[in-house]
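K.L.:
In our numbering, the protein residues as written are 91 to 177. For every residue, glycine included, the Cβ atom is placed at its ideal position computed from N, Cα and C.
This is the structure in structure tokens:
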């Protein structure tokens, strides 16, 4: 892993530092994270929670509310329905 992180800058600005909270739920095991060669990871859509159609001037845009799972965190975002069909 050391070679993969050689492109990451090792100096951080003081404003980025904050007090540490001793909460075990914030800890992610290194085995659980599957990082690609370009230091990104893939989010997995779990389910579609809602659907809405927004009407613009001359067309309609369909959006879906997606529940994502990335590592051990779940989050919800609105995505274009066409983009989700390709995933």
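Taking the beta strand (DSSP E) that residue 144 falls in, what are its first and last residues?
P.N.:
Unbroken beta strand (DSSP E) run through residue 144: 134–145.
K.L.:
In whole angstroms, give me the CA-to-CA distance for residue 108 and residue 146.
P.N.:
Straight-line Cα distance between these residues: approximately 43 Å.
K.L.:
On the criterion of 16 or more Cβ atoms from any shown chain inside 10 Å, does residue 98 qualify as buried, or is it exposed?
P.N.:
With fewer than 16 Cβ atoms within 10 Å of its Cβ, residue 98 is classed as exposed.
K.L.:
In terms of DSSP beta bridges, what is residue 167 paired with?
P.N.:
Bridge partners of residue 167: 156.
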